[in-house]
Amino acid sequence: MLNLPEKLGILEKEGRKVRIGVVGTGQMGSGLVNLISQIKGMEVVALAEIDIEKAISVFESIGLKRKEIIVSEDFSQCDEALADDRKVVTKDAKVLASLHFIDVIVEATGVPEVGARVAFETINHKKDIIMMNLEADVTVGPLLARLARTAGVIYTIGAGDEPGAIKELYDFATSLAFKVVAAGKGKNNPLDREATPESLKKMALSKDMNPKMLTEFVDGSKTMIEMAALANATGLVPDIRGMHGPQCSIKELSSVFVLRDKGGILSQDGVIDYALGNVAPGVFVVISTDNPHLKKDLDYLMMGSGPNYL
1 MLNLPEKLGI
11 LEKEGRKVRI
21 GVVGTGQMGS
31 GLVNLISQIK
41 GMEVVALAEI
51 DIEKAISVFE
61 SIGLKRKEII
71 VSEDFSQCDE
81 ALADDRKVVT
91 KDAKVLASLH
101 FIDVIVEATG
111 VPEVGARVAF
121 ETINHKKDII
131 MMNLEADVTV
141 GPLLARLART
151 AGVIYTIGAG
161 DEPGAIKELY
171 DFATSLAFKV
181 VAAGKGKNNP
191 LDREATPESL
201 KKMALSKDMN
211 PKMLTEFVDG
221 SKTMIEMAAL
231 ANATGLVPDI
241 RGMHGPQCSI
251 KELSSVFVLR
261 DKGGILSQDG
271 VIDYALGNVA
281 PGVFVVISTD
291 NPHLKKDLDY
301 LMMGSGPNYL
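Structural data, given as structure tokens:
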């Protein structure tokens with residue numbers, strides 16, 4: 001990520017923007033389109049969405065006029081539109097994967113089967129795929145990653161979402177040869193395992209969310225899926241079925257995620273977990289070291305007083 005703005009600025013000046021197709025224009029997809037519209041060197045050129053008017057409204061939200069958008073499921077029409085610097089909206093996500101003027105696809109539907117099919121088609125067409133669909137990733141992600149490596153393209157989850165952010169911390173810690181005791185996230189809302197789409201419908205609509213998706217967040221399913229993705233990527237494992245999910249503050253993380261014989265809750269090191277409390281919406285990695293000098297340094301840097309550090 002170092003010097004990324006400068007590198008994107010060069011692409012902008014040279015007229016070589018990264019051309020992006022987004023599948024799914026819900027809360028995540030629409031937010032992504034609006035964010036990318038502010039970034040130099042990148043451009044969303046096509047959207048795949050079963051609700052055509054919804055996709056058009058997303059393009060309109062970043063200042064495009066309807067005459068600048070073509071709606072079609074025909075490959076040739078869509079490709080010609082992109083060549084003429086118009087934007088594409090289609091119901092058929094497979095069309096995006098085949099278009100010549102798209103460099104990378106972002107899958108943001110949250111539907112496992114759709115995500116798997118989109119990723120498969122994208123990889124087959126020698127394009128990079130970024131998954132904001134962890135539901136698909138935890139189901140067939142390892143297989144898709146192998147297919148991508150064979151095809152010479154990139155398969156990855158998105159940076160910024162919890163699993164990606166935790167993986168960045170994990171990589172930083174392990175590259176410095178620290179032992180990772182636990183890695184995880186703060187759950188964004190109180191845990192309610194009895195939540196249903198119907199009971200959360202009013203809240204979901206107020207947040208412009210799909211009630212099923214909000215239920216996934218509230219009942220803990222989303223947290224389990226995210227941590228499964230992290231486990232696949234790192235080899236860390238849950239300490240117990242469903243993980244512990246203790247109530248604790250940020251300052252308490254390094255003293256709670258400790259082995260039981262040292263006053264904590266863990267039966268082993270190298271685990272994934274989550275915390276309830278003011279940790280959300282953050283992520284964390286708890287580390288340890290046997291090096292006396294580094295222990296003093298970590299204590300000095302207020303990362304904990306041992307045996308674990310945050």
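Mapping of the sequence shown onto full-length UniProt numbering: position 205 corresponds to residue 205, and the numbering continues sequentially without gaps.
Beta carbons: idealized from backbone N, C-alpha and C, even for Gly.
- Collapsing the DSSP output to three states places T174 in a helix.
- Excluding residues up to 5 positions away in sequence, S305 lie with their Cβ nearer than 6 Å to the Cβ of D299 in the same chain.
- Taking C-beta atoms as the reference points, A204 and L191 fail to come closer than 8 Å.
- Within the region 12-59, complete alpha helix (DSSP H) segments of at least 4 residues are found at 27-36, given in chain order.
- Taking all protein chains shown into account, F172 has fewer than 16 neighbouring C-beta atoms within 10 Å of its C-beta and is therefore exposed.
- Here the alpha carbon of V140 sits roughly 10 Å from the alpha carbon of E113.
- Apart from the 5 residues on each side of it in sequence, T196 sits with its Cβ closer than 7 Å to the Cβ of T215 in its chain, given in chain order.
- Within the model, the alpha-carbon separation for K179 versus L266 is close to 15 Å.
- Assignment of T289 by DSSP, reduced to helix, strand and coil, places it in the coil class.
- Listed in chain order, the non-local C-beta contacts of G158 below 8 Å within the same chain comprise V106, I130, M131, M132, G164, local neighbours out to five positions each way being set aside.
- The DSSP-derived three-state label of P211 is helix.
- As computed with DSSP, P238 is found in a beta bridge with I272.
- Counting only residues of its own chain and dropping the five nearest sequence neighbours on each side, L134 has a CB closer than 7 Å to the CB of I157, P163, I225, E226, A229.
- Its Cα nearest to that of D51, the residue D92 stands out among D92, D269, T122.
- The alpha-carbon of V181 is positioned some 12 Å away from that of R260.
- Residue pairing by DSSP places E107 opposite V23, M131 in a beta bridge.
- Inter-residue distance for R86 and G26 is about 22 Å (C-alpha atoms, whole angstroms).
- In the DSSP assignment, no residue is bridged to T122.
- Contact between C78 and I70 is confirmed by a C-beta separation of about 7 Å, below the 8 Å threshold.
- Per DSSP, K87 is one residue of the beta strand (DSSP E) stretching across 87-90.
- With respect to the 8 Å criterion, A275 and G186 are classified as neighbours on the basis of their beta carbons.
- For V279, the secondary structure class from DSSP, reduced to helix, strand or coil, is coil.
- A Cβ-Cβ distance of about 16 Å is found for the pair N308 and V283, leaving them out of contact under the 8 Å criterion.
- Taking C-beta separations shorter than 8 Å and ignoring five residues to either side along the sequence, the partners of L82 in its chain run R19, V45, A46, V88, L99, H100, F101, I102, following chain order.
- Counting the other CB atoms within 10 Å of its CB gives A148 a total of 16 or more, which places it among the buried residues.
- Our two residues, K295 and T289, have alpha carbons roughly 7 Å apart in a direct line.
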